[in-house]
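Report on the following structure.
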Amino acid sequence: MKFKTTLLLFLGLLSIPLCAQVMEYQTVTVIESIIPNGIGRSRMISTEAERDYKEFTSERSEEDNSRNKADRGDIRVKNFEETKLLNFFNLGGIRFQNIAANDAVVTSKINAMAEEGWELAFVNSGVESYGGKDDENGIYVTRYIFKRPKQE
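Just so we're aligned, residue 771 is where the sequence shown starts under this note's numbering, counting upward by one.
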């Protein structure tokens, strides 16, 4: 019994990291059009550009309630990777072949990032659509958040 307790304690100590691993994150956003008749645009977007959120952040308080004066032009990224995807709908209605094609392209990106040492950490998705009478607007957005140990 004493050996078993010692072994469990030793194995538990092995699982404790000796130093905190600093991680870096990368976001890939997939926007798929759900506009009928195939007139929407669908894309997969990723960037290697870096932005420091602190440069565009202000703190408000009761004493200082001034608005954020960050220049939107400084926030924009003009160099990014844009991968064309197919729309969910065409003139004939929903296109399951398009969905399968998009899945293949997104899976290819996920596999390529895995080969670069990225691990898929989170997936978040949502739909934006008014949904009212004769609504012809809508997008399906999925964000894939990847992580890996920070490269030095």
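We put the beta carbon where it would ideally sit given N, CA and C, even for glycine.
Short of 7 angstroms from the beta carbon of residue 892, and not among the five residues preceding or following it, lie these beta carbons of its own chain, in chain order: 915. Under a 10 Å Cβ-count criterion, residue 911 is classified as exposed, with fewer than 16 other Cβ atoms of the shown protein chains found around its own Cβ. In this structure, DSSP gives residue 899 a state outside helix and strand, which the three-state scheme calls coil. Within the same chain, 847, 850 come within 6 angstroms of residue 817 by CB-CB distance, once the 5 residues on both sides are set aside. Annotated as distal: residue 804 and residue 895, with beta-carbon spacing of 8 angstroms or more. For residue 852, the closest of 879, 869, 861, 840 by C-alpha to C-alpha distance is 879. The region 854-862 and the region 823-841 do not touch, with fewer than 3 CB-CB distances between them shorter than 8 angstroms. CA-to-CA, the gap between residue 873 and residue 802 works out to about 11 angstroms. In summary, residue 814 is buried, with 16 or more beta-carbon neighbours lying within 10 Å of its beta-carbon over all protein chains present. Annotation for residue 869: 858 place their beta carbon closer than 7 angstroms to its own, counting only its chain and skipping 5 residues before and after.
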